[in-house]
Every structure is written in C-alpha cells, then in structure tokens.
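Reading through the structure tokens given below for one structure.
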Amino acid sequence: MKILIKNGTLVTAFETFQADVLIEDEKITRIGLNLEADSAQVVNASGKLILPGGVDPHTHFDLPMFGTVSSDDHYTGHKAAAFGGTTTVMDFVPQPPPSSPISSGNGGGIKEGVDLWMEKAAKAAIDYSFHMNLTHFDENVAKEIPSLREMGITTLKVFTAYNGKLRLDDGGIFKAMRIAKENGMLVMAHCENGDIIDTLVAEALSTGHTTPEWHARTRPAWGAVESTLRVAGMAAEIDAPVYIVHMNVGGEVDMLKYARERGVKAMGETCPQYLFFTIDHLRRADGAKWICSPPMRTEKDNARLWEGLHDGTLQTVGTDHCAFYFDGTQPVIYEGREIAIAGKELGRDDFTKIPNGLPGVQDRMPVMWTYGVRAGHITPNQFVAYNCTNPARIFGLYPRKGALTPGADADIVIWDPEKKVKYGVAQSHQRTDYNLYEGWELTGYPEKVFLRGKLIVDGEQWLGKSGDGQFLKRGEGEVL
Ligand code: URP
Ligand code: ZN
Ligand code: ZN
0 MKILIKNGTL VTAFETFQAD VLIEDEKITR IGLNLEADSA QVVNASGKLI
50 LPGGVDPHTH FDLPMFGTVS SDDHYTGHKA AAFGGTTTVM DFVPQPPPSS
100 PISSGNGGGI KEGVDLWMEK AAKAAIDYSF HMNLTHFDEN VAKEIPSLRE
150 MGITTLKVFT AYNGKLRLDD GGIFKAMRIA KENGMLVMAH CENGDIIDTL
200 VAEALSTGHT TPEWHARTRP AWGAVESTLR VAGMAAEIDA PVYIVHMNVG
250 GEVDMLKYAR ERGVKAMGET CPQYLFFTID HLRRADGAKW ICSPPMRTEK
300 DNARLWEGLH DGTLQTVGTD HCAFYFDGTQ PVIYEGREIA IAGKELGRDD
350 FTKIPNGLPG VQDRMPVMWT YGVRAGHITP NQFVAYNCTN PARIFGLYPR
400 KGALTPGADA DIVIWDPEKK VKYGVAQSHQ RTDYNLYEGW ELTGYPEKVF
450 LRGKLIVDGE QWLGKSGDGQ FLKRGEGEVL
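Note that numbering that gives the first Met the number 0 gives residue 308 to position 309 of the sequence shown, counting from 1, and the numbers run on in steps of one.
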C-alpha cells in the first residue's frame, strides 16, 4: 500500500519546507521534491501543512474517581484525539493500593495495575503508551519498579499532594527518583502542597464555603511553586531528570528556569487550560466545568506560561484530559448507544466532591494553533515541538513518533491552515456534554489524519476503529 502526499509544506520542530511524502505500508519511506511512485494513491496537499501526528503526553481515560469514572475511555478518547490531530497518547496507570483486591499482596501492585490498564486499552484506536503512578512506596514497590522497563514503561508519576491518597512523602519521592535514575527512567511530578491544601479545605468547609471557586482558593499557587523547586532540588541532588506535569503558575516557570540555569535536568509541561482560563471561570454559575487539579490561576500566570513556551523554558503541551459530564444525570447518545456517566453534578453542594478534570485531548492542537501560533506566542515549529516532537523525545518514542523522516511511523496530519471553525461541543468528539472553548473562532484545523499509513480521519469522517491502536513500548528518553 503506497500513498504519495504531494505539494504540501512540511512543518517539523526544526524547519519548514516544501516536499512530497511517500508512505509505504506503515512507514514514511521518502521525503523530497517531485517524488513519483508507481501505483501510489496520490493525495494533493497543495496549500496545506504536513505535520507529524500529535503526541499527547498526559491523558486519563476510564479513570475511576469520586465514585464515578472519567467519561472518555480508551476508544472514545482516542477517536476525539485523532479528530484534533493527535495520533499517540500516554495514559496514567493507577497503582492499586496494597489493600486492593487486585493486589497480589507480595508485590508493589505495579504489575496488577498495568495488567488492568492493558485490558482497558484493548479497544485503543490510536497508538498509546503508559506512565505508572507511584502512590505508595515501600521495599516491595522499590523492588518492582525496575520491572516496568521490560514492560516498556519508563516513567513514574509522583504527587506532593492528595495526602493519604496519592501523595508520597519527600523521602519516598527521593528514593523513587534514585531508583528511576539507576534504571534509565524519568520521574514526573504533580507539584502542590498537600498539607496546606488539607488545612485550607477543612477550614473552607467548616465555614460554609462550598462553591467551585473554593477549589482554587484552597490550592495555593505558592504551594505549587515551592514544591516545583523542592522536586527540582531532589533531581539536582541525584543528578536525575525530572518532568513537572501540568505547570499552572508563573512562579513554577521561574523555578524551572532557575533550576535549568543551574544545570538541573528539569523539564516542564503546561496545558492549554492554564494558558487561557483563570479562577474567574470557577466563579461562574457553571464553574464546576473548570474544576481540575491544579486549578486555574490568574491572567499574570497565563502570560508567564506563554512566555515560558515562547522562550523555551517549557518543553511540552499536554492536555491532562480527564473528561466528566457537567450534568451526568442526562443520558446522551454516543455512536448510537445511550450512555449516562455521573459527572460534575456529584459536587453540586460541595466542591470537594466535584470530579477533578477537564476535556481537552481533541482541543489541544486546534486551539494552540489559532491562539498560540496565529496569536504570535509561538512559531509553527515550536507548535510541532511542544505538541508532537518533544513529548516523543522526552518519553523515548523518537524518531518513531513525532518526526517527519524516512523510517518514522506514517502518523501524519494534513493541516488546513485556513480552515475556519466555530468550535464547541458540537464539533468535538470528546464524550462529554460541554467544551471549554465553546464558540471560539478557530482558523486552522486537521483535514486528514493518518495513523501508521492508514487514513483514520477524513474531514468529518471517522475511518478508524477500536483495536487499531498499538501499545508502544518505550525506552529511555532524552533530557531536553
Ligand atoms: O484534575 C485533574 N487533573 N485530574 C487528573 C489527575 C491529575 O492530577 O493529573
Ligand atoms: Zn497531576
Ligand atoms: Zn493528570
């Protein structure tokens, strides 16, 4: 099977140039001017951009939380991702606690967690990989961590918040980071101050403050800033790499810059929601739609995060896609079947019961193109670096993913830079009843999306299918 994409403009993380692209079976085999290939199906991409398929380093599909589950699973979320130009996603595997019925009792729960996520992801429609959440740590866990390498999972996420649930103490994070370094793995850190959050949440509830705004007011920005520096400090001590997920405060970017200028191998991800929204969105009547952790901050923080992308202090844009319905009591039809999944209404009277998380896996690239590239915050090459190439490099998938080069998987987006879309829930395939970017005017949108040479999105048409996605075993990544 040969496909020849002709007359497009290739945009990579490094350069922009005119060329044709030949796909043979699942791979890109040639890139050059005036290519010809017998029996190839020709796709004319004149006036269009050719981008590598997006790599979203941060999703949560089918994730149990607060008595419900995130509403996109490993099929619906993949389909939505593809419509937004993303062809690889990396999802987080929860570590079953020792008390969980699926824990074998003598290990750290890692194998059981990965087995469960493999089962859930059997319905994958695009390529995928996993990160392992490390939410308890003892000798058994320490012994089990290296086995992740054989499974092709080379990343551990740790939390400095969610006391008594997901948090490791600083000693646990430090030891886990040391083991990660010895095994060529990377620690990813969720940085907030769990002790201060618990104190403020208890005080807010006891004084009758239950509205969504208080979710943000009880998760202070300085807690995120100091824990970013704390975790970077551990990385410095060990000479290990560290990746700070979902950076949301301007001061975190300052801390990252401080660490990087001193040679610490610290890297940072932000997400579109932290570039566009503030605590004011949580004050709206439908503020629960914006509840995620860490929370939205201020316009000054938005601006500093843009600056961090502009000057390269930050390395990636992920989504932290963890969708819930705003009103999960109303059944909806998805691919012909009625479905109802409880959502944000669970916390109508108490912000601590609102499931944490937002949709975004489809929105990321179109929104970042219009309001990032076209608005002049980042260049088209930076757009590709942050959304495609850098996640592949940092997480050990490059140049198979995130690259337009012979030998790479033919994950390709034909991007129409002039296509105008009035975006919102009606255009989105994310399985939820709202969209954060409702009514936003977009210019630039994916026209065709190929996954390993197979056309899976053609305009409005879905040609992909459940089971087409492959699990990607990852090796050691790069420090950028
Ligand atoms: O609110 C969010 N982001 N939920 C997902 C879990 C996390 O910490 O990334
Ligand atoms: Zn997190
Ligand atoms: Zn997350």
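Heads up, the beta-carbon is just placed ideally off N, CA and C, and yes, glycines get one too.
Please read all numbers here as calculations on a predicted model, not as lab measurements.
I believe Thr67 touches Ile340 by the beta-carbon criterion, under 8 Å. Please report the beta-carbon distance rounded to the nearest angstrom.
6 Å
How about Asn355: is its Cβ closer than 7 Å to a heavy atom in ligand 1?
yes
So, at 7 Å on beta carbons, what are the nonlocal neighbours of Ala79 in its own chain, with the 5 sequence-adjacent residues on each side left out?
Asp71, Val360, Gln361, Ser427, His428, Gln429
Please classify Ala234: is it buried, with 16 or more other beta-carbons within 10 angstroms of its beta-carbon, or exposed?
buried
Can you find a heavy atom of ligand 2 that lies under 7 Å from the Cβ of Val244?
yes
Which of the three DSSP states is assigned to Asn386 in this structure?
helix
Identify every run of the alpha helix (DSSP H) within the region 258-327, keeping only runs that are complete inside it and at least 4 residues long; order them along the chain.
271-275, 278-281, 298-309
Does Arg451 come out as helix, strand or coil in the three-state DSSP assignment?
coil
If we call anything under 8 Å between Cβ atoms a contact, is Ala215 one with Glu191?
no
Span of the beta strand (DSSP E) holding Ile30?
26-31
Just mark Leu482 as buried or exposed, buried being the case when its beta carbon has 16 or more other beta carbons within 10 Å.
What the structure shows of the chain is the stretch from 0 to 479, and residue 482 is not part of that stretch, so it cannot be assessed.
With distances taken between CB atoms, is the gap from Ile30 to Ala81 smaller than 8 Å?
no
Does the separation of the CB atoms of Ala18 and Thr388 fall below 8 Å?
no
Between Thr312, Phe91, Asp410, Val200, which has its C-alpha nearest Leu165's C-alpha?
Phe91
Does ligand 2 have a heavy atom nearer than 7 Å to the CB of His320?
no
Please work out which residues of its chain come closer than 7 Å, Cβ to Cβ, to Ser69, disregarding the five sequence neighbours upstream and downstream, and give them in chain order.
His59, Phe60, Asp61, Leu62, Cys321, Ala322, Phe323, Gly356
When burial is assigned at 16 or more other CB atoms within 10 Å of the CB, is Gly52 buried or exposed?
buried
What does a CB cutoff of less than 8 Å around Leu304 pick up in its chain, not counting 5 residues either side in sequence?
Met246, Asn247, Gly249, Val252, Thr269, Tyr273, Leu274, Leu313
Please report the distance separating the alpha-carbon of Leu167 from that of His189.
11 Å
Going by DSSP, what residue range makes up the alpha helix (DSSP H) through Gly222?
220-237
Can you list, in chain order, the residues of its chain with a C-beta nearer than 6 Å to that of Thr404? Leave out the 5 residues immediately preceding and following it.
Pro398
Is it the case that the CB of Ser489 approaches a heavy atom of ligand 1 more closely than 7 Å?
Look at the range of the chain in this structure, 0 to 479, and you will see that residue 489 is not part of it.
Tell me the start and end of each unbroken alpha helix (DSSP H) in the region 76-156 that is at least 4 residues and wholly inside, in chain order.
109-119, 138-143, 146-150
Could you check whether the region 146-159 touches the region 174-183, counting it as contact only if at least three pairs of C-beta atoms, one from each stretch, sit closer than 8 Å?
yes
Would the region 459-474 count as touching the region 368-388 if we require 3 or more Cβ pairs under 8 Å?
no
Look up Phe336 in the DSSP assignment and say whether it is helix, strand or coil.
It is worth fixing the name first, because residue 336 is Arg in this sequence and not Phe. Arg336 falls in the strand class under three-state DSSP.
Bridge partners of Met246, per DSSP?
Thr269
In angstroms with no decimal places, state the Cα-to-Cα distance between Leu515 and Arg261.
The shown model of the chain, from 0 to 479, leaves out residue 515, and the question about it has no answer.
For the beta strand (DSSP E) that contains Ala215, what are its first and last residues?
No beta strand (DSSP E) holds Ala215; the alpha helix (DSSP H) holding it covers 212-216.
Please list, in chain order, all residues of the same chain as Leu281 whose beta carbon is under 6 Å from its beta carbon, the five residues on each side excluded.
Pro211, Glu212, Ala215, Trp289
Between Ile70 and ligand 1, is there a pair consisting of the residue's CB and a ligand heavy atom that are separated by less than 7 Å?
It should be noted that the sequence gives Ser, not Ile, for residue 70. The answer is no for Ser70.
For the candidate residues Thr209, Thr217, Thr206, Leu185, whose alpha-carbon lies nearest to that of Thr198?
Thr217
Please look up how many angstroms separate the CB atoms of Pro271 and Met367, rounded, as I've assumed it's under 8 Å.
6 Å
Residues that Lys256 bridges to, as DSSP identifies them
DSSP lists no partner for Lys256.
Where Gly46 falls, given that 16 or more other Cβ within 10 Å makes a residue buried
exposed
Counting only runs of 4+ residues fully inside the region 363-407, write out the alpha helix (DSSP H) ranges in chain order.
363-367, 379-383, 389-393
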